[in-house]
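Novice: Could you have a look at this structure, given as structure tokens, before my questions?
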């Protein structure tokens, strides 16, 4: 049986869209994992490394209390350790839009959530009620290259029962943000071009 905000250089715009527990809250991002079958204490993710504790790959009829969502992840595996996943992709400096599908635990009456960390700041879902699901959207600014880590908040009171991760997408919306020195040099260059153009007109 399955075992029982610092904002330095970051602008976050957050809104949540509530969804019924049975609704699909994210694309089926984990369906190709492990040949499409759930398993406890899974470490072979295509897009993430398990960087702390353990997580369970569940769904598709296997401990599937969020039916209709394909495979998804219980962020507390069956080793008595709350888990963390870190993207294998390291994102360069710039602005990004993050969409993450989350739920509470797969058991009613037990709440949990996740922390999303990108090095210079983080975002927390807070406690999500068991068998509830939501899609969250927020924007982040990366001043330096960084991976993104999703870790369980350990709120369930049972290290074998964690928050549910349905998937996450990260879309770059703007390239590297110019630093103040770069902006001042750019301004000086434009001023020089303007002066040169005026001199030629005379």
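Numbering (this note's numbering), first residue to last: -6 to 195.
In this text, a Cβ means the ideal position worked out from N, Cα and C, and glycines have one as well.
In this text, all values refer to a predicted model and were calculated from it rather than measured experimentally.
Helix or strand or just coil, what does DSSP make of residue 27?
Specialist: By 1-based counting over the chain shown, the position of residue 27 is 34. Residue 27 falls in the helix class under three-state DSSP.
Novice: Output the distance between the C-alpha atoms of residue 156 and residue 167, rounded to the nearest integer angstrom.
Specialist: Taking the chain shown and counting its residues from 1, one reaches residue 156 at position 163. Taking the chain shown and counting its residues from 1, one reaches residue 167 at position 174. The alpha-carbon atoms of residue 156 and residue 167 are separated by roughly 31 Å.
Novice: The beta strand (DSSP E) that contains residue 116, what's its start and end?
Specialist: Walking along the chain shown from the start, residue 116 turns up at place 123. It spans 115 to 117 - the beta strand (DSSP E) in which residue 116 sits, taken as one unbroken run.
Novice: So, does the stretch 115 to 124 touch the stretch 35 to 45, judging by three or more C-beta pairs under 8 Å?
Specialist: Touching, no, given that fewer than three Cβ pairs across the two stretches are closer than 8 Å.
Novice: Would you identify the three-state DSSP class for residue 54, choosing helix, strand or coil?
Specialist: Residue numbering aside, residue 54 sits at position 61 when the chain shown is read from its first letter. Residue 54 falls in the coil class under three-state DSSP.
Novice: Just the Cα atoms here: how many angstroms apart are residue 31 and residue 87?
Specialist: What you label residue 31 is simply residue 38 of the chain shown in a count that begins at 1. What you label residue 87 is simply residue 94 of the chain shown in a count that begins at 1. Taking the straight line from one Cα to the other gives about 35 Å.
Novice: If contacts are defined as beta-carbon pairs under 8 Å, then residue 45 and residue 71 qualify, I think. What distance do you get, rounded to the angstrom?
Specialist: The count along the chain shown starts at 1 and reaches residue 45 at position 52. The count along the chain shown starts at 1 and reaches residue 71 at position 78. The Cβ separation is near 15 Å, so there is no contact.
Novice: Is residue 26 closer than 9 Å to residue 89 when the C-beta atoms are compared?
Specialist: As a working note, residue 89 is residue 96 in the chain shown. As a working note, residue 26 is residue 33 in the chain shown. No. Outside cutoff.
Novice: Taking 6 Å as the limit between beta carbons, can you name the residues of its chain near residue 161, skipping five residues before and five after?
Specialist: Position 168 of the chain shown, counting from 1, holds the residue named residue 161. Cβ within range, chain order: 93.
Novice: Apart from the five residues on each side of it in sequence, which residues of its chain come closer than 6 Å, Cβ to Cβ, to residue 141?
Specialist: In the chain shown, counting from the first residue as 1, residue 141 sits at position 148. Around residue 141: 80, 111.
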